[in-house]
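Residue numbers (the numbering used here): 135 to 242.
Quick notes on the structure that follows.
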């Protein structure tokens, strides 16, 4: 039935494995790389099969990842954006009162 449909509509021949391959690759993208979820959904016994066979490098995903890394790690911080927590302030106060602790920590 599928082969008849393919012939009548002059489509390329499709085999089950190519459908499974495409489906698994798309599921990896949609799940943002959640290998265990895709493994469970596709029925593979080992996650290794998903990572070695179906995890392709996607240029769009690579660009998105590079953009996120750039935004999160290489942007100039906004002045005053960092506010120390009360715990940090307590630690700073203790270190200011006990310089021997500063020397001890520096030696580690």
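Heads up, the beta-carbon is just placed ideally off N, CA and C, and yes, glycines get one too.
It should be emphasised that the depicted structure is a prediction, and the values quoted were computed from it without experimental measurement.
A distance of 7 Å or more separates the beta carbons of residue 173 and residue 187.
DSSP, reduced to helix, strand and coil, places residue 223 within a helical segment of the structure shown.
Residue 235 is positioned such that its CB atom lies closer than 7 Å to that of residue 229. Between residue 169 and residue 179, the beta carbon gap of about 13 Å keeps them out of contact (Cβ cut-off 8 Å). Going by beta carbons, residue 162 and residue 200 fall outside the 7 Å limit. By the neighbour-count criterion, in which 16 or more other beta carbons inside 10 Å mark a residue as buried, residue 158 falls on the buried side. Look at the region 153–223 and you find these whole runs of alpha helix (DSSP H), each 4 residues long or longer: 169–176, 193–207. Between residue 136 and residue 150, the alpha-carbon positions lie close to 11 Å from each other.
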